[in-house]
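Please read the structure below before turning to the comments.
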Amino acid sequence: MAIEIPRVKLGTQGFEVSKLGFGCMSLTGHDHSVSDEDGIAIIKHAVERGVTHIDTADLYGPKTNEILVGKALKHLPREKVQLATKFGVESMGPDGPVINGTPEFVRSSLEASLQRLDVDYIDLYYIIRVDRNTPIEDTMEELKKLVEEGKIKYIGISEASPETIRRAHAVHPLTAVQLEWSLWTRDVEEELIPLCRELGIGIVAYSPLGHGFFAGKAKGDTSNSSLEQPRLKI
């Protein structure tokens, strides 16, 4: 018997998604990438069973994750998929990621993602990390223009402080805040979750099973090279 995946509204702008989303990062992992054929089949399987909220980022792979998702979308009705991707990491330097939130980088990143995904628009476009050298207002103003141009429908932000979220939301309504939230990551309940509820911003939790710990699959091996994933260094 098929399980019906509930649908929920993210934010207050009418964006409806499946309550469960599918994060595609591990499909192009540091040491365990799947073949295009398998990756496409996995994404199709998720969408056909009601998990229509598909999450990727230009950082994953890097770049190759978006290309894989784009290939999968060719086999699916685009209007039934809520596609989310992210931008903000310009490069990985010796001291960590180089974050860029300038208007020019916002636009060039979006255009590149549209090309890799081979789509005309992105449903939910996240700032993956906040550029401390660029006022968040400048980043949001450019994202607002992209909404007005129809290239993105909704704006999200990941791993931002309460103050930054308020400032960003004042420029244009944020539809979603993505953050880690699980039984062992509860600190977000102190300020971030109440703030999102106050402002009417949707919450997208990543690693809700504690990176697999609560799925009963945890291992004691600390030499796992997947820890070298760029995503885990930001």
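In UniProt numbering, the protein residues as written are 1 to 234. Every residue gets a Cβ at the ideal spot worked out from N, C-alpha and C, and that includes glycine.
The alpha helix (DSSP H) enclosing residue i, as first and last residue numbers
i	result
D38	D36 to E48
V147	I136 to E148
Status (buried if at least 16 other CB within 10 Å, exposed otherwise) for residue i
i	result
I127	buried
T12	exposed
S113	buried
H53	buried
D183	The sequence shown places Leu at residue 183, not Asp. Result: exposed.
V8	exposed
V69	buried
N65	buried
V98	exposed
L10	buried
Continuous beta strand (DSSP E) stretch holding residue i: start and end
i	result
M25	Neither: M25 is in no beta strand (DSSP E) and is coded neither H nor E.
K153	I152 to S158
K86	Q82 to F87
Pairwise C-alpha distance: residue j and residue i
i	j	result
I3	G23	19 Å
T28	K63	9 Å
I67	P94	26 Å
D120	R78	10 Å
I40	D118	15 Å
F214	R116	34 Å
L20	P6	8 Å
K151	A84	13 Å
R129	V171	17 Å
Reduced DSSP category for residue i - H, G, I as helix; E, B as strand; rest coil
i	result
P97	strand
T64	helix
V17	strand
R197	helix
Anticipated Cβ contact below 8 Å, residue i with residue j, distance rounded
i	j	result
M140	A160	At roughly 11 Å, the Cβ-Cβ gap does not stay under 8 Å, so M140 and A160 are not in contact.
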